[in-house]
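**Q** Could you have a look at this structure, given as structure tokens, before my questions?
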Amino acid sequence: MSAGAGRPRPEPVQVVKERRDAALAALVHGVPYIGFLGITFDRRGDELTGVLSYDEKLIGNPQLPALHGGVTSAFMEVTAIIGLSWAILWEEMEGGRLDPGALNTGNLPRLPKTIDFTVDYLRTGLPRDAYARARVTRSGRRYASVHVEAWQDNRARPFAQATGHFLMPARDG
Amino acid sequence: MSEASLKSVRGFIESIPHARALGMVTLELGDGIARISMPYDARLVGDPETGVIHGGAVSVLMDTCGGAAVMSHRSEPEMTATLDLRIDYMRAATPGQRITARAECYHVTRSVAFVRATATDDDAARPVATATGAFAINAPHDGGAA
Chain D
1 MSAGAGRPRP EPVQVVKERR DAALAALVHG VPYIGFLGIT FDRRGDELTG VLSYDEKLIG
61 NPQLPALHGG VTSAFMEVTA IIGLSWAILW EEMEGGRLDP GALNTGNLPR LPKTIDFTVD
121 YLRTGLPRDA YARARVTRSG RRYASVHVEA WQDNRARPFA QATGHFLMPA RDG
Chain L
174 MSEASLKSVR GFIESIPHAR ALGMVTLELG DGIARISMPY DARLVGDPET GVIHGGAVSV
234 LMDTCGGAAV MSHRSEPEMT ATLDLRIDYM RAATPGQRIT ARAECYHVTR SVAFVRATAT
294 DDDAARPVAT ATGAFAINAP HDGGAA
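Set out below in structure tokens:
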């Protein structure tokens, strides 16, 4: 196989990584509540995993002790909103229509708004770190449906799952 | 429910670390009804452009208030844990205003309590969010008798 003359050389890996990480950081750091709960996001390519780092202030039942059910719900809602925004941002960024450098100047994309959110509590949330991944099951111009799974020690044994509907921000064009 | 039992439920709610972190205050408690409010706090903002509180913080309030309503039910459950909770967001809460939730435990069986709740800001006529949920309960005499 010969190198295609018309094909542009791929960008250096570091440049690509920096651009993607900067876009994700701008998206996540813009929201105070994400910092308050201590949520961060791990990125592998376009896949995001929300990480809720354990803290005593997240406890809802001091006798067990167990994570607050509302915190679990909030963690999954945050993961859904960031996952949905990230999917849009990724498309725009990789399509060259968005300059991630401009995101740092406070020019953040509008976030989707939650219409409804339903959480199933499958097991007690233990007093340790939790993880969550969102899957956009449907994404239209106005509405999106997102499913989220959250787990702790064992990926195959989620401690909560959720489904939500979201109103998409108005897009240019 | 006796005054002593209500006092212990109130004490339990006020001892919840995450409820304390959000500055929750119990306004009313008894006979399956709870009212809990939470002050506006810049740390809870979900939309930096508008200063509106994140829906997640509203669900924490709803869940806490729902659990409190269950615990205050006349059947006096010893413990409760949320099985499921659905929240509908009607509108953004007005920045700067307290959010108050009112939850009602309208039916209990031996093992499940059913709850509905509404959250409002200063404009109490227009709800910010509503919720419905099912809570697991341990009846106090469950398993006690042979």
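In order, the protein sequences belong to chains D and L.
Note that this note's numbering gives residue 15 to position 15 of the first sequence, counting from 1, and the numbers run on in steps of one.
With the second sequence counted from 1, adding 173 to any position gets you this note's numbering.
Glycine included, every Cβ here is placed at the ideal spot set by N, Cα and C.
1. Who pairs with L:Ile226 in a beta bridge, going by DSSP?
2. Just to confirm before moving on: does the CB-CB distance between L:Gly228 and L:Gly239 stay below 8 angstroms?
3. What do you get for D:Pro32, buried or exposed, if any count of 16 or more other CB atoms within 10 angstroms of its CB means buried?
4. Is D:Tyr33 close to chain L, meaning its C-beta is less than 8 angstroms from at least one C-beta of that chain?
5. Which whole-angstrom value is the C-beta distance of L:Thr199 and L:Ala230, which I expect to be below 8 angstroms?
6. Is DSSP giving D:His68 helix, strand or coil here?
7. How would you list, in chain order, the residues of chain D whose beta-carbon sits under 9 angstroms from the beta-carbon of L:Ile189?
8. Compare the C-beta of L:Ala215 against all C-beta atoms of chain D and say whether one is closer than 8 angstroms.
9. Do you know whose CA, among D:Arg43, D:Val119, D:Gly30, D:Val146, lies nearest D:Val71's CA?
10. Quick one: grab the DSSP three-state call for D:His165.
11. Is there a Cβ from chain L that is less than 8 angstroms from the Cβ of D:Ser73?
12. Counting only C-beta atoms, is L:Asp294 closer than 8 angstroms to chain D at any point?
13. Pick out whichever of L:Pro250, L:Ala309, L:Val285, L:Gln270 has its Cα sitting closest to the Cα of L:Asp296.
14. Looking at the C-beta of L:Thr116, does it have a partner C-beta in chain D at a distance below 8 angstroms?
15. Reducing DSSP to helix, strand and coil, say where D:Glu47 ends up.
16. Would you report the Cα separation of L:Arg275 and L:Val182, rounded to the nearest angstrom?
17. Would you report the Cα separation of D:Thr114 and D:Gly164, rounded to the nearest angstrom?
18. The segment 236 to 247 of chain L: which residues have C-beta closer than 7 angstroms to a C-beta of chain D, in chain order?
19. If L:Gly224 sits next to L:Pro268, beta carbons under 8 angstroms apart, how far is it from one beta carbon to the other, in whole angstroms?
20. Rounded to the nearest angstrom, how far is the Cβ of L:Leu258 from that of L:Gly306, given a contact under 8 angstroms?
21. Work out the CA separation of L:Ala309 and D:Val28 for me, nearest whole Å.
22. Cβ of D:Phe36 less than 8 angstroms from any chain L Cβ?
23. With DSSP as the reference, label L:Val198 as helix, strand or coil.
24. Leaving out five residues before and five after D:Asp55 in sequence, what residues of the same chain have Cβ atoms less than 7 angstroms from its Cβ?
25. Under the three-state reduction of DSSP, which class applies to D:Gly60: helix, strand or coil?
26. Put L:Met252 into one of helix, strand or coil per three-state DSSP.
27. Could you work out which residues of chain L lie near D:Asp129, taking near to mean beta carbons separated by less than 8 angstroms?
28. Examine chain D for any beta-carbon lying closer than 8 angstroms to the beta-carbon of L:Ile260, and answer yes or no.
29. Taking only runs of the alpha helix (DSSP H) that begin and end inside the segment 81 to 111 of chain D, which ones reach a length of at least 4 residues, in chain order?
30. Using the beta-carbon of each residue, which ones in chain D are nearer than 9 angstroms to L:Leu202?
31. Can you confirm whether D:Leu89, when its beta carbon is compared against all beta carbons of chain L, has any partner nearer than 8 angstroms?
32. So, for D:Arg7: in the same chain, excluding its five sequence neighbours on each side, which residues have a beta-carbon less than 7 angstroms away from its beta-carbon?
33. In angstroms, rounded to a whole number, what distance separates the CA positions of D:Phe159 and D:Arg9?
**A** Concretely, from the data shown:
1. Counting from one through the second sequence, the residue named residue 226 of chain L turns up at place 53. Residue pairing by DSSP puts L:Ile226 in a beta bridge opposite L:Val218.
2. Counted from its first residue, the second sequence places residue 228 of chain L at position 55. Counted from its first residue, the second sequence places residue 239 of chain L at position 66. Against a cut-off of 8 angstroms, the Cβ pair of L:Gly239 and L:Gly228 comes out as no contact.
3. As a first step, residue 32 of chain D must be located in the first sequence, where it is residue number 32. Around the beta-carbon of D:Pro32, 16 or more other beta-carbon atoms lie within 10 Å, marking it buried.
4. Taking the first sequence and counting its residues from 1, the one referred to as residue 33 of chain D is at position 33. Chain L contact via Cβ: present.
5. By 1-based counting over the second sequence, the position of residue 199 of chain L is 26. By 1-based counting over the second sequence, the position of residue 230 of chain L is 57. 17 angstroms between Cβ atoms; not a contact.
6. Here residue 68 of chain D refers to the residue found at position 68 of the first sequence. Residue state, collapsed to three classes: coil.
7. The sequence position of residue 189 of chain L within the second sequence is 16, counting from 1. Think of a sphere of 9 angstroms around the beta carbon of L:Ile189: the chain D residues whose beta carbon falls inside it are Ile59, Gly60, Asn61, Pro62, His68, in chain order.
8. Sequence index remark: in the second sequence, residue 215 of chain L carries index 42 (1-based). Answer yes: the Cβ-Cβ gap between L:Ala215 and chain D drops below 8 angstroms somewhere.
9. Within the first sequence, numbered from 1, the residue matching residue 71 of chain D stands at position 71. Nearest option by C-alpha distance: D:Val119.
10. As a position in the first sequence, residue 165 of chain D is number 165, starting the count at 1. Correct three-state label for D:His165: strand.
11. As a first step, residue 73 of chain D must be located in the first sequence, where it is residue number 73. Under the 8 angstroms criterion on CB atoms, D:Ser73 is classed as interfacial with respect to chain L.
12. Against the second sequence, residue 294 of chain L aligns to sequence position 121. No, no contact with chain D.
13. By 1-based counting over the second sequence, the position of residue 296 of chain L is 123. L:Asp296 has its Cα closest to that of L:Gln270, out of L:Pro250, L:Ala309, L:Val285, L:Gln270.
14. Residue 116 of chain L is absent from the structure shown; chain L starts at 174 and stops at 319.
15. Within the first sequence, residue 47 of chain D is the residue found at index 47, counting from 1. In the three-state DSSP reduction, D:Glu47 falls in the strand class (E or B).
16. As a first step, residue 275 of chain L must be located in the second sequence, where it is residue number 102. As a first step, residue 182 of chain L must be located in the second sequence, where it is residue number 9. Their backbone Cα atoms lie some 16 angstroms apart in a straight line.
17. Position 114 of the first sequence, counting from 1, holds the residue named residue 114 of chain D. Position 164 of the first sequence, counting from 1, holds the residue named residue 164 of chain D. Straight-line Cα distance between these residues: approximately 7 angstroms.
18. Listed by position along the chain: Asp236, Thr237.
19. Along the second sequence, one-based indexing puts residue 224 of chain L at 51. Along the second sequence, one-based indexing puts residue 268 of chain L at 95. Correct: roughly 4 angstroms between the Cβ atoms.
20. What you label residue 258 of chain L is simply residue 85 of the second sequence in a count that begins at 1. What you label residue 306 of chain L is simply residue 133 of the second sequence in a count that begins at 1. Indeed they touch by this definition, with Cβ atoms about 4 angstroms apart.
21. Start at 1 with the first residue of the first sequence, and residue 28 of chain D comes out as number 28. Start at 1 with the first residue of the second sequence, and residue 309 of chain L comes out as number 136. Answer to the nearest angstrom: the Cα atoms are 34 angstroms apart.
22. Indexing the first sequence from 1 puts residue 36 of chain D at position 36. For D:Phe36, a Cβ of chain L is located within less than 8 angstroms of the residue's own Cβ.
23. Within the second sequence, residue 198 of chain L is the residue found at index 25, counting from 1. Looking at L:Val198 - three-state DSSP - the assignment turns out to be strand.
24. Position 55 of the first sequence, counting from 1, holds the residue named residue 55 of chain D. Closer than 7 angstroms at the Cβ level, and outside the excluded window around D:Asp55, lie Gly38.
25. Numbered from its first residue, the first sequence carries residue 60 of chain D at position 60. Strand at D:Gly60.
26. Here residue 252 of chain L refers to the residue found at position 79 of the second sequence. In the structure shown, L:Met252 sits in a strand (DSSP, three-state: E or B).
27. Translated into the one-based positions of the first sequence, residue 129 of chain D becomes position 129. Result: empty, since nearest Cβ-Cβ is about 16 angstroms, beyond 8 angstroms.
28. Within the second sequence, residue 260 of chain L is the residue found at index 87, counting from 1. Interface criterion met: the Cβ of L:Ile260 is under 8 angstroms from a Cβ in chain D.
29. The qualifying runs are 100 to 103.
30. Residue numbering aside, residue 202 of chain L sits at position 29 when the second sequence is read from its first letter. In chain order: nothing, as chain D lies at least about 17 angstroms away.
31. Here residue 89 of chain D corresponds to residue number 89 of the first sequence, with the count starting at 1. It does not; no Cβ of chain L falls within 8 angstroms.
32. Translated into positions along the first sequence, residue 7 of chain D becomes position 7. Cβ neighbours of D:Arg7 within its own chain (closer than 7 angstroms, five residues either side excluded): none.
33. In the first sequence, the residue the question calls residue 159 of chain D occupies position 159. In the first sequence, the residue the question calls residue 9 of chain D occupies position 9. Distance between the alpha carbons of D:Phe159 and D:Arg9 is about 45 angstroms.
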